[in-house]
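Chains as they are written, first to last, in this note's numbering: chain W, 12 to 374; chain R, 12 to 374; chain Y, 12 to 374; chain G, 12 to 374.
Where a beta carbon is used, it is the ideal one built from N, C-alpha and C, also for glycine.
Please read these numbers as outputs of a predicted model, since none were measured by experiment.
First up is the structure itself, then whatever we jot down about it.
Protein chains: 4
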Amino acid sequence: MAGKLHTGRSRNDQVTTDLRLYLSEEIALLHQALIALQEAIVEKSEGHLEIIMPGYTHLQPAQPLLFSHWLMAFFWKFERDRERLDEVTQRMGICPLGAGALAGNPFNIDRQALAFDLGFDAISQNSLDAVEDRDYVVEFLSWAALVQIHLSSLAETLIIWASHEFGFVELAETYCTGSSLMPQKRNPDSLELIRAKSGRVLGHLVGLLCTLKGLPSGYNKDLQEDKEALFDVIDTLKLELPIAAGVIRTLKVNAARMATARDDMLLATDLADYLVTRGVPFRESHQLVGRLVQRAEKLGVPLRDLRLPDYQSIHPAFAEDVYAVFDFQRSVQARNTVGGTAPDAVCVQVEYAKAILAKNESL
Amino acid sequence: MAGKLHTGRSRNDQVTTDLRLYLSEEIALLHQALIALQEAIVEKSEGHLEIIMPGYTHLQPAQPLLFSHWLMAFFWKFERDRERLDEVTQRMGICPLGAGALAGNPFNIDRQALAFDLGFDAISQNSLDAVEDRDYVVEFLSWAALVQIHLSSLAETLIIWASHEFGFVELAETYCTGSSLMPQKRNPDSLELIRAKSGRVLGHLVGLLCTLKGLPSGYNKDLQEDKEALFDVIDTLKLELPIAAGVIRTLKVNAARMATARDDMLLATDLADYLVTRGVPFRESHQLVGRLVQRAEKLGVPLRDLRLPDYQSIHPAFAEDVYAVFDFQRSVQARNTVGGTAPDAVCVQVEYAKAILAKNESL
Amino acid sequence: MAGKLHTGRSRNDQVTTDLRLYLSEEIALLHQALIALQEAIVEKSEGHLEIIMPGYTHLQPAQPLLFSHWLMAFFWKFERDRERLDEVTQRMGICPLGAGALAGNPFNIDRQALAFDLGFDAISQNSLDAVEDRDYVVEFLSWAALVQIHLSSLAETLIIWASHEFGFVELAETYCTGSSLMPQKRNPDSLELIRAKSGRVLGHLVGLLCTLKGLPSGYNKDLQEDKEALFDVIDTLKLELPIAAGVIRTLKVNAARMATARDDMLLATDLADYLVTRGVPFRESHQLVGRLVQRAEKLGVPLRDLRLPDYQSIHPAFAEDVYAVFDFQRSVQARNTVGGTAPDAVCVQVEYAKAILAKNESL
Amino acid sequence: MAGKLHTGRSRNDQVTTDLRLYLSEEIALLHQALIALQEAIVEKSEGHLEIIMPGYTHLQPAQPLLFSHWLMAFFWKFERDRERLDEVTQRMGICPLGAGALAGNPFNIDRQALAFDLGFDAISQNSLDAVEDRDYVVEFLSWAALVQIHLSSLAETLIIWASHEFGFVELAETYCTGSSLMPQKRNPDSLELIRAKSGRVLGHLVGLLCTLKGLPSGYNKDLQEDKEALFDVIDTLKLELPIAAGVIRTLKVNAARMATARDDMLLATDLADYLVTRGVPFRESHQLVGRLVQRAEKLGVPLRDLRLPDYQSIHPAFAEDVYAVFDFQRSVQARNTVGGTAPDAVCVQVEYAKAILAKNESL
């Protein structure tokens, strides 16, 4: 068989066959690492369903949010990453062997059988394309660059939340470094490096695309540059994904600080919703609440300390029950449609996520 | 309905819903443009099945190749591009509407019904992720960057082949520019611009990835930068793909120049194969032919002009029938396994391609 | 003259001559915009010399720092940017006119005189290089990408400091957006866009470099892609630099919140320095203070509340005067070498900066 | 001294001090490697002053060009690279030592003296900027990316010229690879790798810029990612520059093939110039020659084979001496202004280049 294998083969078709096999194996490991990260997210979310924190837009407090809801947002990003990885894997399952140097094999070999023996799903249909095609490497690097965007966003958010001033979370010691001088200092080095590696991975993607740009048809030596980038990206992700999972798993969530950070302004939307349910048009309700907010700011009091006449001077639809709005629990519970931050909706979300992971495990 | 639609909506979920709808429509057009390009490739290939040209590696002549085989290599690149575009489209079919600003919708709307009405396939599962997710834009730009690699390789190859010195192809006047001074000059501007646009598209991809890198969770104004890049890439591809198709469709193939460019050195592999079929081990056969080639070079004659004793002094397996090797037609015919350059194999390839396109049309 | 000018000219040398002239004018405007930004920094720094805030590394409090010192750090970044811009400008002052299409001018024109008339400093030495050289565009885009790094760091820091939880600064209303619903919300849109544009500018740089990569010698149509990128980067910077200057000029610095955020841990380095001045080796002093910090943490008290015996149990060099260390004013004053955060040093720094700007103005 | 050096130092100022010192040394080596490449270019140019080849735009023949003129174009590109490298070096000569972790040094050290001892030219003016500044790394990588553009253009041109169909140059065996089978094949691997490395270097630049983007003020662990990119770029250039110099030095120039490739169409510009010197306006002359060219094409004869009445039917200014135009030697000689392709002008150019290199050596 080995003899047969050699007949009519060229370095050109061999090299890309080997690379596909190697990458397929590594992808399986990355797939597992992604699942482990998703599991850490799900477990953490499930264990902290009661914590309500400020939700941010523009890094400014916007609306109350379940901490678990925030964390689960990342589950779906990584779920899309897994989905995309599956697609990359499929195209990697095409066997180029038998393409020779460029023109094909003259010895009547059974390429299909050869491909199946090696674990491929299908064979390439054009020998020239087969030897010069590096789409699968580009696809993988593009995939990795997007994973890094997700990782960097997770890292950035936690770095800010771990600051002294936010104090929302505390990283386990394993994932921080201090110094002999400042042993209390918890520099989130692990997260900073995860954030930083985004540049590295993007750099490799850009590098390969630039190398491939404008190459004339047929195998060119330039293609040799694909390997180092690929190996480095795989190593990088194999290092980072378990760290990210570990950071999540061991993260100390400071519910008290999160509670302190909540203020009535987070409930402005709920006040507007209150008016809407009492018949005030959506857009008008926003402007009315805007005026209430300004009044409260002017008086220097929280919204809940405005008196009922104040409310009613803005709009007669306000009644005594408006004060029930000032309940963060109530606010999150109200957002109970699919994908909302209501505890029930988040529970459904977590269960769905668990089902997805379970299904994957059973494969 | 419109009233209901407005209730609880935010610019954050609206903007990304609109962008998904817009992009889906544009993708359908790009899909058609890709098909038109593939059709041009298939037609041209089918119409030029008899032309044998030198196949290149490292821009050096390597083995005889059917011109059609060369061209069909691009069919498969663009076929992979179409496959990938379908995958991008699927993920674009997730509706974020109902996510509000970040926390979800409190008015008990039926997100599923809303999504179906708008033509989406499914709904997002986490409101925070829904408003900040721009994966689909990144995916699209990554896709476009890889399409550009294929286009730039096609363009580069044709630019070189259209040079005075190669003279393998001639571009139709519509796709060239001369000058008042040199009306005979056929500057392949269309292809140069296609090649150049690779930078532009890659730039947009890098730009967005860099913009997204390290953003904290929640909607940030930075996300607004996604649109211009996206629009420009769509415009660029909508311009280029029909040009590429037009260039192919109107390309004049200069079979005579291609024939002139073929020399016996292209058949070195066939000589080695000759030995292999006569029992000489693969690796040894290569070295033996290498010595023949050197002898021919030294004598300054083509391989076919070496006398039989010359051949036999290298290896006794050479017999009178070795001269039958010096037939370019025979060389390509020998590579008759799937994906090989044999006319029969290329016919099968073309038929397969036509079936793929037909199937797509019937959808 | 105009007639003479036309003689022997080609679009190739004209286009790049025009682009150089255009870019030189725009650069002068950007230079002014940079100076205006530096002036805003200097003024703001000079007006806030008394404010001591926590200085950060890894976004964790590290040592006391003058707010003005923090801000002045950006003066020097932009000063380097100006220096680099001057260098780019110099190379832009080389006139390619007279290079013709590629081979030079046959009409014995005085290229030197022509160049001086147009305001150039010198002439190119090789006609082929002259028409294909786009180094100056690449240089300019590289320059802009680095300016953006500085701007994005400024923006990011202020976005975090403007958060509810830090509360160190407040942006003027002109540079924020709220909504009808949440008029109190101060989304730092201006800074988010500045941060985001880094991607855009980097994208243009990458785009051009990728376009230029691997072009064969001689004018190629690909070069036409340089212009849009260039124009967009110029527009972007002309928009951003005044905004950045405006943000700085109108920034409300919240000294009270900065004071609240300071805690004794910021003085750990000063404690170690105390030991060093009393003869304890540098490295040892760090470890000793580390132990003190841990003790304070364990007891849940600030460092200044540890009793003298506690200090002395760690090292006998500690005396009653150790408590004088717990003075943020004293800490900053101690760092009085060139470039240090001592108020006197910062004053010198500000004066130096003013002298630099004054010298520039007088040019 | 060493003891003093340790006092008040931090890893933050040390790391960047070391990196500056290291990079300065490496830059000196790269500077030498650039000079060696320039020397190879000058020598080769000087030794081949008599060869006239077709000059190309759009890879189409345009005008006659001295081979030496083509090659010297690269001298000036690398000369600009050297100039830029000097500028980068200057900014690298700023010593950050004494900045401590971020706030400066409290021990009254003489930073100036320390800097001079280490070989620096000046000291940084702001301790915070000093520890976080990586501009010099970005500058170096930007510089390297532009060098690569020049190298890739040189490589691409030679790869095309070394093709069987052009045959203008032949690479020395050391810089090619064949195979056991095709020992005659001269794959220009060295040039392909030089071209390919452009992607790699650009990737590192993008990587670092993306890593730096949006970092908050103060030392962040992310900065650690600067080193690997830097080392790899240095290694890459130290490998490539001597190879490029070697390729040039050993390049076999095939004057005969270049002569064969010249045809009368290259002289269309000279024909127009002929008319201009006889009083026909520039623009008109171009259109007239255009018509001549079309006539020649139609008749299938070279321009010089058109009869005088043909010429005169286009414009009466044509006289018997028009046939003197059909002399490639005369064409290049005409372009005798500074930077033109006339042998005399190229000699001046070469002498100027030698003077520049000599001046550099004497430093």
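*Which bits of chain G does W:His215 rub up against, with CB to CB less than 8 angstroms?*
As a first step, residue 215 of chain W must be located in the first sequence, where it is residue number 204. Gly214, Gly218, listed in chain order.
*For W:Asn198, which three-state DSSP category applies?*
Position 187 of the first sequence, counted from the first residue, corresponds to residue 198 of chain W. In this structure, W:Asn198 counts as strand in the three-state DSSP scheme.
*asked:* Taking 6 angstroms as the limit between beta carbons, can you name the residues of its chain near W:Asp132, skipping five residues before and five after?
replied: As a working note, residue 132 of chain W is residue 121 in the first sequence. Correct list, in chain order: Gly104.
*According to DSSP, what are the bridge partners of R:Cys106?*
Looking up residue 106 of chain R in the second sequence gives position 95. Under DSSP, R:Cys106 shares a beta bridge with R:Ile134.
*Neighbour list for W:Phe177 in chain Y, Cβ cutoff strictly below 7 angstroms*: Indexing the first sequence from 1 puts residue 177 of chain W at position 166. What W:Phe177 touches in chain Y: Glu176.
_Which listed residue (W:Tyr147, W:Gly301, W:Met64, W:His215) has its alpha carbon closest to that of W:Asp97_ = As a working mapping, residue 97 of chain W is identified with position 86 in the first sequence. When each option's Cα is compared against that of W:Asp97, the closest is W:Tyr147.
*asked:* Can you check whether the C-beta of R:Ile254 is within less than 9 angstroms of a C-beta belonging to chain G?
replied: For the purposes of this step, residue 254 of chain R is taken as the residue at position 243 of the second sequence. R:Ile254 does not count as touching chain G.
*Selection of the region 92-120 of chain G by Cβ proximity to chain Y, strictly under 7 angstroms*: Taking a C-beta cut-off of 7 angstroms against chain Y, the contacting residues of the region 92-120 of chain G are Glu98, Arg102, Gly109, Ala110, Ala112, Leu113, Ala114, Gly115, Asn116, Pro117, Asn119, Ile120, listed in chain order.
_First and last residue of the uninterrupted beta strand (DSSP E) at Y:Pro72_ = Sequence index remark: in the third sequence, residue 72 of chain Y carries index 61 (1-based). Where Y:Pro72 is concerned, the enclosing beta strand (DSSP E) stretches over 71-77.
*asked:* Using a 10 Å radius around the Cβ and a threshold of 16 neighbouring Cβ atoms, would you call W:Arg197 buried or exposed?
replied: Here residue 197 of chain W refers to the residue found at position 186 when the first sequence is read from its first residue. Its Cβ being crowded by 16 or more others within 10 Å, W:Arg197 is buried.
*Paired residues, beta bridge with Y:Gly311 - DSSP*: What you label residue 311 of chain Y is simply residue 300 of the third sequence in a count that begins at 1. According to DSSP, which records beta bridges pairwise, Y:Gly311 is partnered with nothing at all.
*Applying a beta-carbon distance threshold of less than 9 angstroms, which residues of chain W neighbour Y:Thr185?*
As a position in the third sequence, residue 185 of chain Y is number 174, starting the count at 1. At a C-beta separation below 9 angstroms, Y:Thr185 has no neighbours in chain W, since its nearest C-beta there lies roughly 16 angstroms away.
*For R:Asp281, I'd like the list of residues in its chain whose CB is within less than 6 angstroms of its CB, leaving aside the five on either flank, ordered along the chain.*
Here residue 281 of chain R is taken as the residue at index 270 of the second sequence, counted from 1. Closer than 6 angstroms at the Cβ level, and outside the excluded window around R:Asp281, lie Val336, Ser342.
_is_contact[Y:Ser201, chain G] using C-beta, thresh 9 angstroms_ = Within the third sequence, the letter at position 190 stands for residue 201 of chain Y. Closer than 9 angstroms: no.
*What whole-angstrom Cβ distance do W:Asn116 and R:Thr352 have, given they're in contact under 8 angstroms?*
Against the first sequence, residue 116 of chain W aligns to sequence position 105. Against the second sequence, residue 352 of chain R aligns to sequence position 341. Going by Cβ atoms, the distance from W:Asn116 to R:Thr352 rounds to 10 angstroms, so no, they are not a contact pair.
*When the cut-off is 9 angstroms and only beta carbons count, does W:Ser228 lie next to chain G?*
The residue labelled residue 228 of chain W in the question sits at position 217 within the first sequence. With respect to chain G, the C-beta atom of W:Ser228 has no partner C-beta closer than 9 angstroms.
*Do R:Ile170 and G:His69 have their C-beta atoms within less than 9 angstroms of each other?*
What you label residue 170 of chain R is simply residue 159 of the second sequence in a count that begins at 1. What you label residue 69 of chain G is simply residue 58 of the fourth sequence in a count that begins at 1. Contact annotation: R:Ile170 and G:His69 have beta-carbon atoms nearer than 9 angstroms.
*For G:Tyr67, which of Y:Gly218, Y:Phe179, Y:Phe339, Y:Pro227 has the nearest alpha-carbon?*
Along the fourth sequence, one-based indexing puts residue 67 of chain G at 56. Closest option to G:Tyr67, Cα to Cα, is Y:Pro227.
_Contact residues within the region 51-85 of chain G, judged by C-beta distance below 8 angstroms to chain Y_ = Cβ contacts with chain Y: Gly66, Tyr67, Thr68, His69, Leu70, Ala73, Gln74, Pro75, Leu76, His80, Trp81, Met83, Ala84, Phe85.
*Compare the C-beta of R:Arg294 against all C-beta atoms of chain G and say whether one is closer than 9 angstroms.*
Position 283 of the second sequence, counted from the first residue, corresponds to residue 294 of chain R. With 9 angstroms as the cut-off, R:Arg294 counts as an interface residue toward chain G.
*Under 6 angstroms Cβ to Cβ from W:Cys106, same chain only, skipping five residues before and after it: list those, please.*
The residue labelled residue 106 of chain W in the question sits at position 95 within the first sequence. If we look at W:Cys106 and ignore the five residues flanking it on each side, its Cβ neighbours are Ala126, Phe131, Ile134.
*Taking a cut of 9 angstroms between CB atoms, which residues from the region 227-251 of chain Y lie near chain G?*
Here the close residues are Pro227, Ser228, Gly229, Tyr230, Asn231, Lys232.
*Verify the CB distance criterion: does R:Leu278 have a CB-CB separation below 9 angstroms to chain W?*
Working through the second sequence from its first residue, we reach residue 278 of chain R at position 267. Chain W, which has no Cβ nearer than 9 angstroms to the Cβ of R:Leu278, makes this no.
_Using the three-state DSSP reduction, which class does R:Glu64 fall into: helix, strand or coil?_
Taking the second sequence and counting its residues from 1, one reaches residue 64 of chain R at position 53. Checking the sequence, you will find Met at residue 64 of chain R rather than Glu. DSSP places R:Met64 in the strand class (E or B) of the three-state scheme.
*asked:* Please report whether the beta-carbon of G:Val287 lies at a distance below 9 angstroms from any beta-carbon of chain Y.
replied: The sequence position of residue 287 of chain G within the fourth sequence is 276, counting from 1. For G:Val287, the nearest beta carbon of chain Y is closer than 9 angstroms to its own beta carbon.
*asked:* Counting only Cβ pairs nearer than 8 angstroms, list the residues of chain G close to W:Asn198.
replied: Within the first sequence, the letter at position 187 stands for residue 198 of chain W. Lys232, listed in chain order.
*Under the three-state reduction of DSSP, which class applies to G:Glu176: helix, strand or coil?*
Position 165 of the fourth sequence, counted from the first residue, corresponds to residue 176 of chain G. When DSSP states are grouped into helix, strand and coil, G:Glu176 belongs to the coil group.
*Span of the alpha helix (DSSP H) around Y:Phe337*: Here residue 337 of chain Y is taken as the residue at index 326 of the third sequence, counted from 1. Per DSSP, Y:Phe337 belongs to no alpha helix (DSSP H) and is neither H nor E.
*Who are the near neighbours of W:Phe151 in its chain, counting only those whose CB is closer than 6 angstroms to its CB and skipping five residues on each side?*
Here residue 151 of chain W refers to the residue found at position 140 of the first sequence. So the list reads Val99, once near-sequence residues are dropped.
*Hey, W:Val261 and W:Thr188: beta-carbon distance below 9 angstroms or not?*
Counting from one through the first sequence, the residue named residue 261 of chain W turns up at place 250. Counting from one through the first sequence, the residue named residue 188 of chain W turns up at place 177. Note that residue 261 of chain W corresponds to Thr in the displayed sequence, not to Val. Taking 9 angstroms as the Cβ cut-off, W:Thr261 and W:Thr188 do not qualify as a contacting pair.
*Once you ignore the five residues that flank G:Asp200 on each side, which residues in its own chain have a CB closer than 6 angstroms to its CB?*
Locating residue 200 of chain G in the fourth sequence gives position 189, counting from the first residue. Result list for G:Asp200: Thr188, in chain order.
_I want to see whether chain G comes within less than 9 angstroms of W:Arg20, judged by CB atoms only; does it?_
Indexing the first sequence from 1 puts residue 20 of chain W at position 9. Answer no: the Cβ-Cβ gap between W:Arg20 and chain G never drops below 9 angstroms.
*Below 7 angstroms CB to CB, which residues in the same chain sit around W:Lys365 once its five sequence neighbours on both sides are set aside?*
Here residue 365 of chain W corresponds to residue number 354 of the first sequence, with the count starting at 1. Annotation for W:Lys365: Val53 place their beta carbon closer than 7 angstroms to its own, counting only its chain and skipping 5 residues before and after.
*Is the shortest distance between the beta-carbon of R:Ala195 and the beta-carbons of chain G less than 9 angstroms?*
The residue you call residue 195 of chain R lines up with position 184 of the second sequence. One detail in the question is off: residue 195 of chain R reads as Gln in this sequence, not Ala. At least one CB atom of chain G sits nearer than 9 angstroms to the CB of R:Gln195.
*Simplified DSSP state of R:Thr261, which is helix, strand or coil*: Position 250 of the second sequence, counted from the start, is the residue given in the question as residue 261 of chain R. When secondary structure is reduced to three states using DSSP, R:Thr261 falls in the helix class.
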